[in-house]
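Engineer:
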Amino acid sequence: MEGWVWVCWVISCLLLLSISSSGESTDHNRRTERISGSAGDVLEDDPVGRLKVFIYDLPSKYNKKILQKDPRCLNHMFAAEIFMHRFLLSSQVRTLDPEEADWFYTPVYTTCDLTPNGLPLPFKSPRMMRSAIQLISSRWPFWNRTQGADHFFVVPHDFGACFHYKEQIAIERGILPVLERATLVQTFGQKNHVCLKEGSITIPPFAPPQKMQAHLIPADTPRSIFVYFRGLFYDVGNDPEGGYYARGARASVWENFKDNPLFDISTEHPLTYYEDMQRAIFCLCPLGWAPWSPRLVEGVIFGCIPVIIADDIVLPFADAIPWEEIGVFVSEEDVPKLDTILTSISPEVILRKQRLLANPSMKQAMLFPQPAQPGDAFHQILNGLARKLPHGRDVYLKPGEKVLNWTAGPVGDLKPW
Amino acid sequence: MLKQHVPRRGNSFTRQNSNLDSSLSTAVTVTTTETFLSIPKSTASIFWTFLHTACCIGSLIFGFRFSRVAFFLLFSSSLSSITPILHHTADVFLPTLSSANHTAVPGSRVVVGRHGIRIRPWPHPNPAEVMTAHAIIDRVQKEQRLQYGVRNPRSVIAITPTYVRTFQTLHLTGLMHSLMLLPYNLTWVVVEAGGVSNETKQLLERTGFLNTIHIGIDDEMPVEWEGRHRLEVKMRFKGLREVRERRLDGIVVFADDSNMHSMEMFDEIQKVNWFGALSVGILAQTGKSNSMLQRGEKNEPEKGNHPVPVQGPACNSSQRLVGWHTFNNLPYAGQSAILVGDDATVLPTNLEWSGFVLNSRLVWKDFKDKPEWVRDLDEIEKNGDQFGNPLVLVKDSSFVEPLGNCGRKVMLWWLRVEARSDSKFPPGWVIDPPLEVVVPARHTPWPIRVPGNLSAKLSSSVSSGFARAKRI
Amino acid sequence: MGSDYRSKKREILWKKSILHFSLCFIMGFMFGFAPTTTSHQSSIKPHDNSVQSTAAPITTTVEASLNSTEIDEDDEYGTPLILVTVTSSINPFKHTFLRRLSDTLKHVPAPLLWIIAENRLEAGSTAEMLRMTGIMYRHLTFNENFTDVETEMDYQRNLALKHIEYHRLDGIVHFADLSNVYELNFFDEIRDIETFGTWVVASLSANGEVVIDGPVCSDSKVLGWSFNHSGVTDDDQSPLKLMSRNSVSGFGFKSSILWDPERWGRRVSETESMASINYVRQAMLEDESKLMAFPSDCSRIMVWNLHVPRTLFLGVGDQLT
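Protein sequence lines correspond, in order, to chains H, L and U.
Those letters in the first sequence? Residues 1 to 417, per my numbering, in order.
Those letters in the second sequence? Residues 1 to 472, per my numbering, in order.
Those letters in the third sequence? Residues 1 to 321, per my numbering, in order.
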């Protein structure tokens, strides 16, 4: 039975390949392939002229001062909130006239509160966010006009605007009620999840572009690792029983494949981590506590086909990037069959995935470079926002109409920041 | 590290159950439909046959699934006791169900809470899959070469002087393995001193590639290094004549058997237009007893990351050839090796041939487009100029194209390690008669089965055999 | 009467259909059983049992349906080779020799896993060289410093053996010395090793000596050992000492001896780790009956070891203009 499913799958893959190869660009440079997602060929779009963003001028205690307190936030997985702010300040889409703005941006660094170990503490984030929104709603008229429906917020934390690192609690909390109508830009993405609002823009986690650039090796370096992974399999500290962390998927990877020479997997982080990814064919991107991981970005940058093990994950810029064609999706349940799944992919399909990965616009879309470059993740966010325009009628509220309940949510969140 | 992991068998069971349910429900429908016999007969019979088949298939699947369940139970009980699994299933379903309430998100398969760590009952890598994976890796690497490798590569013609000696197998095998890896068409011209021997022939047969031209030269290899250098030059010219006569087209490299080449070098030489020069790393040995190194003498001052001395083209800042790096022989004055195999430093000549590559058309007779700065082989040999250095091939050395980032990148290494010319080794490296037993095997469970002649041989300590001869 | 006939007909129909269904059910049952029986049998092998016994105590097993083609014999596919190369920090020819060795290993048919151990300080440039080879390798690094080369090399070998033990890699382990040269047939031959294998190694050194160490054998059974015994005192005559004194390139063994010693009838001692070169040497010499020598008459030399001479570096050569 399963065999037939596989046969069908392989056949469909081949079909897909033949369709796509007929559409392949005929110019001599065949190393890469064009990428088009459900929204079309939009990766290389230029957002300039398609939208205008107004940046609220908040007191520096909401952003700059926080960064001054802990500069480690600049290299953190969540640094997108800081760099997005910097990017918008000098971006051509920025407008100083709020009347002509399509989108309003509130620069709050809610995840820049790190423990001594560098882990983000989101406990104060909800209060900080509320405080910022209260401020803009009292000082400017624009929030009240829509109650946030033409505002976007960057919330790159594990479970986005649910503001908690434990999924269970994050789900109980739900998205901060005052953000109910706003558009969220977040790394977290999982279908049918309380913490993923419809219309949110899922972005890649921040990975240091210069550091990755410094570790690039020649593209002709033969790929000699079949499957590569470095990271935790068990989080004994936070999950002594096992089975909670990564929903057991990482532990399953270890238990089933540690003895397989094709699986170069370990908890040790070698100096050649980035280089090794560039000589691997498949890089495992299993969920951890959250469904996403920086390996996704690393895989794309280093041309290693990401093997995504995170059921119902929503991937970055999923309407612009056909992740199904680029990566390999393995359901958490099928982890024990990983070897069979990966070896049954035909070489042609693998080569095509590699060509798609080699597309520079694909790599560009995963990075937040300084200074910004055309087609990078900043531009993809703007493209995503531009694709939501023009705003629908339901965005603007009738005078006096109120949707938000300012007193909803946990009592602790209502305290002043 | 491993904690007790609670299984999550829900999925595999639910799937079986759903199958079971569907086949049961079809069975139920059968009973109901059969009462409707008032339906016109022909339609009814068609319908009946159809239903019958459908049900047959249904029970087939049911049987199949059932066997799986039976097998599954059998299997898991044979692996580990089934009791803990059953015992823990209760625990499994509880958190799973309770956490399902937490999520309260319809349509999602993902459940918050504790999950089982799935471990499959077939633990080892499947050899067939391992082979498929390796085939995939090969395919990917091939594609990488296609995309990033040299486009429209020219053939490579390697000229190798050799002769039968103790180190020949060791050196020539190493070179052979490197040459066999070349992704280009290769013609290997092997010139042997003392005439074509069976020993060398057998070695070359192991390559498995056909393009080997094995020719001999009558002169015997002299035992002095100086004489060897001269004869090797003569042999290389013999090789070049072979190229000329056969009008072999490609890039000529002088691959000495004891040299070591990196694969990058063979890519790099594809850039040569007419006559190119490469840097050669000189792995020179000192004359001190080598046994000290094996035993690990640590306090030598030379240890560390000193760059290997390099012989090859020297460029100025604007990447133009301005001269040559040569090996400084002075520190070795008076202590260099004279005889092959001397326990002393073997020094390279002024400029080693292996550092030069050329377009084979340069040596062709009557090649129209040949540049005028090149000298003809006949002319060189008539004047006896060949023993100078490889630059005798050109009238003006400024036409030499420096390769490897203008000589900065070392891609081949010159090493001369030889046994003494009078050292003995078993012909063809086949030991006959057998070696002398120094220590008998501890347990010899087959003393009676030892053939008479063999034990006699062993006991007579093989005075005439190789075992003695090897320790001169 | 009509109803009687009908009921009779119905009865026949019922019987017929039930018979058909049960037949189909049995067929399906058989189908379900047929392919998996092989994997079932294979699971009884000590092989698989051992793995299960140490796996997490309670785990979910997944249907083996995908794996109906499991093969219990490696004949068709070739046993995996695990080659271990250790690098002495004082060997100045290290990279050059590694490169030559990699050229040879590139010809070895898959599956092959090459394990290289090296001091972390020197690993950077080696890694750069290794990744151009295209061979499937694992580069293990360590921080410890050593004053004695033999100790360092043994440490590195143990490091590699620990890796094999920890990952339960299955295959034939052989220590491929940096300065070894191999005849390619050798790699086919060692795949036949059942427990331990041994062969003769020719050591060549530049001062003109050719030393041949290894087993003397008949019909693949070891009769005794031959080696260079100059400078060996009578106290040293135990095979264990002599073997460890001589090249480790002269033997190979099944890796499961490291992580599944019970399978080979060896008791696990509390004090000694399985994954050590001494353990392997001991295990091999304690039970020579499990040693397989090859080729069957030990007559052909397929491995040469070049004793690296001391080198002297003078810095970059003079420049002529």
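We put the beta carbon where it would ideally sit given N, CA and C, even for glycine.
Being a predicted model, the structure only gives us computed values, none of them experimental.
(1) Are the Cβ atoms of Thr111 of chain H and Ala132 of chain H separated by less than 9 angstroms?
(2) For Cys73 of chain H, name the three-state secondary structure that DSSP assigns.
(3) Would Arg131 of chain U pass as an interface residue toward chain H - the criterion being a Cβ-Cβ separation below 9 angstroms?
(4) Identify whether Asn305 of chain U lies in helix, strand or coil by the three-state DSSP scheme.
(5) For the segment 146–217 of chain L, which segments carrying the alpha helix (DSSP H) assignment without a break, of at least 4 residues, lie completely within its bounds, in sequence order?
(6) Run the CB neighbour count on Pro218 of chain H, radius 10 Å, all protein chains shown included, and call it buried at 16 or more, exposed below.
(7) Taking the C-alpha atoms as reference points, what is the distance between Arg50 of chain H and Gly404 of chain L?
(8) Mind listing the chain H neighbours of Val130 of chain L? Cutoff is C-beta to C-beta under 7 angstroms, in chain order.
(9) How many angstroms separate the CA atom of Leu121 of chain H from the CA atom of Phe188 of chain H?
(10) Is the beta carbon of Asn350 of chain L sitting closer than 9 angstroms to the one on Asn389 of chain L?
(11) Taking the C-alpha atoms as reference points, what is the distance between Ala135 of chain L and Pro286 of chain H?
(12) Could you have a look at His87 of chain L and say whether DSSP puts it in helix, strand or coil?
(13) Does DSSP put Arg223 of chain H in a helix, in a strand, or in coil?
(14) For Leu231 of chain L, which of L:Ser279, L:Ser258, L:Thr162 and L:Leu172 has the nearest alpha-carbon?
(15) With a cut-off of 9 angstroms, does the C-beta of Glu180 of chain L fall near any C-beta of chain U?
(16) Is Gly327 of chain H close to chain A, meaning its C-beta is less than 9 angstroms from at least one C-beta of that chain?
(17) So is Trp225 of chain U in contact with chain L if we call contact Cβ pairs under 9 angstroms?
(18) Output, in chain order, the set of chain L residues within a Cβ distance shorter than 9 angstroms of His107 of chain U.
(19) Going straight from the alpha carbon of Leu321 of chain L to that of Gly407 of chain L, what length do you get?
(20) When the Cα atoms are used, what is the spatial distance from Tyr228 of chain H to Glu143 of chain L?
(21) Since Val140 of chain L contacts Ile313 of chain H with CB under 8 angstroms, what's their CB separation in whole angstroms?
(22) By the 7 angstroms beta-carbon criterion, what residues does the segment 146–160 of chain U contribute toward chain L?
(23) Can you give me the C-alpha to C-alpha distance between Phe399 of chain L and Phe275 of chain L, rounded to a whole angstrom?
(24) Could you check where the beta strand (DSSP E) with Lys254 of chain U kicks off and where it finishes?
(25) Within the chosen definition, does the segment 89–98 of chain U reach the segment 125–144 of chain U through at least 3 CB pairs nearer than 8 angstroms?
(26) Counting contacts by CB-CB distance shorter than 9 angstroms, is Ala123 of chain U in contact with chain H?
(27) Against chain U, with Cβ distances strictly below 9 angstroms, would Ile136 of chain H count as a contact?
(28) Helix, strand or coil for Gln186 of chain H? Go by DSSP, reduced to three states.
(29) In terms of residues, what are the limits of the beta strand (DSSP E) holding Cys473 of chain L?
(30) According to DSSP, is Gln147 of chain H part of a helix, a strand, or is it coil?
(31) Please classify Glu288 of chain U as buried or exposed, where buried requires at least 16 other C-beta atoms within 10 Å of its C-beta.
(32) Exposed or buried, Ala214 of chain H, counting other C-beta atoms within 10 Å across all chains shown (16 or more means buried)?
(33) By DSSP, does Glu118 of chain U sit in helix, in strand, or in coil?
(34) Please go through the same chain and pick out, in chain order, the residues whose beta-carbon is closer than 6 angstroms to the beta-carbon of Leu83 of chain U, but skip the five residues on each side of it.
(35) Whose C-beta lies closer than 6 angstroms to the C-beta of Met366 of chain H among residues of the same chain, with five residues either side of it excluded?
(36) Give a yes or no on whether the C-beta atoms belonging to Val417 of chain L and Leu140 of chain U are separated by under 9 angstroms.
Structural biologist: Answer, in terms of the structure:
(1) For the purposes of this step, residue 111 of chain H is identified with residue 111 of the first sequence, where counting begins at 1. For the purposes of this step, residue 132 of chain H is identified with residue 132 of the first sequence, where counting begins at 1. Pairing Thr111 of chain H with Ala132 of chain H gives a Cβ-Cβ distance that is not under 9 angstroms.
(2) Residue numbering aside, residue 73 of chain H sits at position 73 when the first sequence is read from its first letter. Helix at Cys73 of chain H.
(3) For the purposes of this step, residue 131 of chain U is identified with residue 131 of the third sequence, where counting begins at 1. Yes, Arg131 of chain U lies at the interface with chain H (some Cβ there is under 9 angstroms from its Cβ).
(4) Translated into the one-based positions of the third sequence, residue 305 of chain U becomes position 305. If DSSP states are grouped into helix, strand and coil, Asn305 of chain U belongs with the strands.
(5) Entirely contained in the segment 146–217 of chain L, the alpha helix (DSSP H) runs reaching 4 residues are, in chain order, 168–180 and 198–205.
(6) Here residue 218 of chain H is taken as the residue at index 218 of the first sequence, counted from 1. So Pro218 of chain H ends up on the exposed side.
(7) Mapped onto the first sequence, residue 50 of chain H falls at position 50. Mapped onto the second sequence, residue 404 of chain L falls at position 404. About 50 angstroms.
(8) The residue given as residue 130 of chain L occupies position 130 in the second sequence. Within 7 angstroms Cβ-Cβ: Leu262.
(9) Here residue 121 of chain H refers to the residue found at position 121 of the first sequence. Here residue 188 of chain H refers to the residue found at position 188 of the first sequence. For the pair Leu121 of chain H and Phe188 of chain H, the Cα-to-Cα distance works out to about 16 angstroms.
(10) Your numbering for residue 350 of chain L matches position 350 in the second sequence. Your numbering for residue 389 of chain L matches position 389 in the second sequence. Cβ distance < 9 angstroms, so Asn350 of chain L and Asn389 of chain L count as in contact.
(11) Translated into the one-based positions of the second sequence, residue 135 of chain L becomes position 135. Translated into the one-based positions of the first sequence, residue 286 of chain H becomes position 286. The alpha-carbon atoms of Ala135 of chain L and Pro286 of chain H are separated by roughly 25 angstroms.
(12) One-based indexing of the second sequence puts residue 87 of chain L at position 87. Residue placement at His87 of chain L is poorly supported in this model, since its pLDDT is 29, which falls under 50; the coordinates still yield a value, given next. His87 of chain L falls in the helix class under three-state DSSP.
(13) Residue numbering aside, residue 223 of chain H sits at position 223 when the first sequence is read from its first letter. Three-state result, Arg223 of chain H: coil.
(14) Reading the second sequence from its first residue, position 231 is the one you call residue 231 of chain L. Residue L:Thr162 is the option with its Cα nearest to Leu231 of chain L.
(15) Residue 180 of chain L sits at position 180 when you count from the first residue of the second sequence. In the sequence as displayed, the identity of residue 180 of chain L is Met instead of Glu. Closer than 9 angstroms to some Cβ of chain U, the Cβ of Met180 of chain L qualifies, so yes.
(16) No chain A appears in this structure, whose protein chains are H, L and U.
(17) Reading the third sequence from its first residue, position 225 is the one you call residue 225 of chain U. It does; some Cβ of chain L falls within 9 angstroms.
(18) As a first step, residue 107 of chain U is located in the third sequence; it is residue number 107 there, counting from the start. In chain order: His177, Met180 and Leu181.
(19) As a working note, residue 321 of chain L is residue 321 in the second sequence. As a working note, residue 407 of chain L is residue 407 in the second sequence. Leu321 of chain L and Gly407 of chain L have their C-alpha atoms spaced approximately 9 angstroms apart.
(20) As a working note, residue 228 of chain H is residue 228 in the first sequence. As a working note, residue 143 of chain L is residue 143 in the second sequence. Between the alpha carbons of Tyr228 of chain H and Glu143 of chain L lies a gap of roughly 20 angstroms.
(21) The residue given as residue 140 of chain L occupies position 140 in the second sequence. The residue given as residue 313 of chain H occupies position 313 in the first sequence. The beta carbons of Val140 of chain L and Ile313 of chain H sit about 26 angstroms from each other, so the pair does not count as a contact at 8 angstroms.
(22) Flagged, chain order: Thr147, Asp148, Val149 and Glu150.
(23) On the second sequence, residue 399 of chain L is found 399 positions in, with the first residue counted as 1. On the second sequence, residue 275 of chain L is found 275 positions in, with the first residue counted as 1. Looking at the two C-alpha atoms, the distance is approximately 7 angstroms.
(24) Along the third sequence, read from residue 1 onward, the residue named residue 254 of chain U stands at position 254. For Lys254 of chain U, the enclosing beta strand (DSSP E) has its first and last residue at Phe251 to Lys254.
(25) Using a C-beta cut-off of 8 angstroms, the segment 89–98 of chain U makes contact with the segment 125–144 of chain U, since at least three inter-stretch Cβ pairs fall below that distance.
(26) If you number the third sequence from 1, residue 123 of chain U lands on position 123. Look at Ala123 of chain U: its C-beta is under 9 angstroms from a C-beta on chain H.
(27) Sequence index remark: in the first sequence, residue 136 of chain H carries index 136 (1-based). The C-beta of Ile136 of chain H comes no closer than 9 angstroms to any C-beta of chain U.
(28) What you label residue 186 of chain H is simply residue 186 of the first sequence in a count that begins at 1. Reduced to three states, the DSSP call for Gln186 of chain H is strand.
(29) Residue 473 of chain L lies beyond the residue range present for chain L, which begins at 1 and ends at 472; the question has no answer from this structure.
(30) Along the first sequence, read from residue 1 onward, the residue named residue 147 of chain H stands at position 147. Three-state result, Gln147 of chain H: coil.
(31) To locate residue 288 of chain U, count along the third sequence from 1; it is residue 288. Buried.
(32) Residue numbering aside, residue 214 of chain H sits at position 214 when the first sequence is read from its first letter. With fewer than 16 Cβ atoms within 10 Å of its Cβ, Ala214 of chain H is classed as exposed.
(33) Looking up residue 118 of chain U in the third sequence gives position 118. Here Glu118 of chain U sits in strand by DSSP.
(34) For the purposes of this step, residue 83 of chain U is taken as the residue at position 83 of the third sequence. The residues are Trp114, His174 and Ala176.
(35) To locate residue 366 of chain H, count along the first sequence from 1; it is residue 366. For Met366 of chain H, same chain residues with a beta-carbon under 6 angstroms away, outside a window of 5 residues either side, are Pro204, Val297 and Val300 in chain order.
(36) Working through the second sequence from its first residue, we reach residue 417 of chain L at position 417. Working through the third sequence from its first residue, we reach residue 140 of chain U at position 140. For Val417 of chain L and Leu140 of chain U, no; Cβs fall outside 9 angstroms.
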